[in-house]
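Trainee:
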Amino acid sequence: MRAFAFLLVVFFAVAPAFAADKVELKNDQDRISYAVGMNIGYTLKGQEFNLELDKVLAGLSATFSGKDTQMSQSEMGMILNSLQQQLQEKALAEQAELAERNLKAGQDYLDAHSKQEGVTVLESGLQYKVLVKGDGVAATEEDTVKVHYRGTLVDGTEFDSSYTRGEPAEFPVQGVIPGWIEILQLMHVGDKFQVAIPPALAYGEAGAGQIIEPNSVLLFELELLDIVK
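Per the working numbering, the very first residue in the sequence shown carries number 918; after that it's consecutive.
Listed below in structure tokens is the structure:
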């Protein structure tokens, strides 16, 4: 930790030359110092708020060199807590706006999809179309099933696929999203369905991971291969 602090002191000691096009990197110390500077620069550049670089440098330089700072640690804490709250409020507002936008776009998609030939719309809002009709046994809520599937967003972005992985997936019917629980109980072994799942039967306002945004409609090509006993 002390070594890292020392490197920061070195970095801020050369802050006046920060805007130089190039500096000489003669040895490991130079390269490490430059790398630390780059890392700090990338970190600060990626923030969602504006910073005055000269003030950032002044605050860090005073702290690490042991000089008197222009505010107390208590003041610093209050300012940073306020900033964190502002950023959280902004993130929540952006999330809510995205969720509302996706909800409308998703409903527009489902409205159009429901009018396509062969599409069945269930009371829950789930929509499906039979691509291949099998003649095997029906799945129940208590079963574990073996399936092949491909999941995409309405814009065609693929977020998951057992076909891509090269092997079917197995899981309990009760262990998946509500839309899957419902549709699997309508399928027989050998069936292949095209399924459109409303957000409320998928991941809702929470979304999932980086790809599935809040209130996303999920599309699946779903093939029931077997009931696993």
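Just so you know, even glycine gets a beta-carbon here, dropped at the ideal spot from N, CA and C.
If distances are taken between C-alpha atoms only, which option among LYS939, SER989, LEU1141 comes closest to GLU1087?
Mentor: Residue numbering aside, residue 1087 sits at position 170 when the sequence shown is read from its first letter. Nearest option by C-alpha distance: LEU1141.
Trainee: To the nearest whole angstrom, what separates the beta carbons of PRO1116 and VAL1134, a pair I think is in contact under 8 Å?
Mentor: Position 199 of the sequence shown, counted from the first residue, corresponds to residue 1116. Position 217 of the sequence shown, counted from the first residue, corresponds to residue 1134. So it is a contact: roughly 6 Å between Cβ atoms.
Trainee: At which residues does the beta strand (DSSP E) containing PRO878 begin and terminate?
Mentor: The structure shown does not extend to residue 878, since the chain spans only 918 to 1146, so no value can be given for it.
Trainee: Here's the rule: buried if 16 or more other CB atoms are within 10 angstroms of the residue's CB, otherwise exposed. What is LEU1000?
Mentor: Translated into the one-based positions of the sequence shown, residue 1000 becomes position 83. By the neighbour-count rule (16 or more Cβ atoms within 10 Å), LEU1000 is not buried but exposed.
Trainee: If I'm right that VAL1090 touches ASP1060 with Cβ under 8 Å, what's the distance once you round it to whole angstroms?
Mentor: Residue mapping note: residue 1090 aligns to position 173 of the sequence shown, counting from 1. Residue mapping note: residue 1060 aligns to position 143 of the sequence shown, counting from 1. Right, their Cβ atoms sit about 5 Å apart.
Trainee: Threshold first: 4 residues or longer. Then list the alpha helix (DSSP H) segments lying entirely within the segment 933 to 966, N to C.
Mentor: If we require 4 residues or more, the alpha helix (DSSP H) runs fully inside the segment 933 to 966 come out as 945 to 962.
Trainee: Do you know offhand how far ILE1129's Cα is from GLN946's?
Mentor: Within the sequence shown, residue 1129 is the residue found at index 212, counting from 1. Within the sequence shown, residue 946 is the residue found at index 29, counting from 1. Using only the alpha carbons, I get a separation of about 44 Å.
Trainee: Could you check the C-alpha separation between THR986 and ALA1013 for me, to the nearest Å?
Mentor: Residue mapping note: residue 986 aligns to position 69 of the sequence shown, counting from 1. Residue mapping note: residue 1013 aligns to position 96 of the sequence shown, counting from 1. Distance between the alpha carbons of THR986 and ALA1013: 39 Å.
Trainee: Can you list, in chain order, the residues of its chain with a C-beta nearer than 6 Å to that of ALA1119? Leave out the 5 residues immediately preceding and following it.
Mentor: Within the sequence shown, residue 1119 is the residue found at index 202, counting from 1. Excluding residues within five positions, the ones whose Cβ falls inside 6 Å are ILE1094, GLY1096, LEU1135.
Trainee: At the level of alpha carbons, what is the spacing between TYR1073 and GLN1111?
Mentor: Counted from its first residue, the sequence shown places residue 1073 at position 156. Counted from its first residue, the sequence shown places residue 1111 at position 194. Tyr is not the amino acid found at residue 1073; the sequence shown has Gly there. Roughly 14 Å between the two C-alpha positions.
Trainee: Please state whether the Cβ-Cβ distance between THR1069 and GLN1102 is less than 8 Å.
Mentor: As a working mapping, residue 1069 is identified with position 152 in the sequence shown. As a working mapping, residue 1102 is identified with position 185 in the sequence shown. Not in contact: THR1069 and GLN1102 (Cβ atoms no closer than 8 Å).
Trainee: Under the rule that 16 or more other beta-carbon atoms within 10 Å means buried, what is LEU970, buried or exposed?
Mentor: In the sequence shown, the residue the question calls residue 970 occupies position 53. Exposed, since its Cβ has fewer than 16 Cβ neighbours within 10 Å.
Trainee: If you compare alpha carbons, which of ILE1144, ALA1016, LYS1109 is closest to ASN870?
Mentor: As displayed, the chain neither begins before 918 nor continues past 1146, which places residue 870 out of reach and without an answer.
Trainee: Looking at the unbroken alpha helix (DSSP H) that takes in LEU1000, where does it start and where does it end?
Mentor: Taking the first residue of the sequence shown as position 1, residue 1000 is located at position 83. Residues 990 to 1030.
Trainee: I'd like to check one pair, ARG1067 with GLU1138: are the Cβ atoms closer than 8 Å?
Mentor: Taking the sequence shown and counting its residues from 1, one reaches residue 1138 at position 221. Taking the sequence shown and counting its residues from 1, one reaches residue 1067 at position 150. Cβ distance < 8 Å, so GLU1138 and ARG1067 count as in contact.
Trainee: If contacts are defined as beta-carbon pairs under 8 Å, then ASP1108 and LYS1050 qualify, I think. What distance do you get, rounded to the angstrom?
Mentor: For the purposes of this step, residue 1108 is taken as the residue at position 191 of the sequence shown. For the purposes of this step, residue 1050 is taken as the residue at position 133 of the sequence shown. Their Cβ separation, rounded to whole angstroms, is 6 Å, which keeps ASP1108 and LYS1050 in contact under 8 Å.
Trainee: Quick one: what does DSSP say LYS1046 is sitting in, helix, strand or coil?
Mentor: One-based indexing of the sequence shown puts residue 1046 at position 129. Three-state result, LYS1046: strand.
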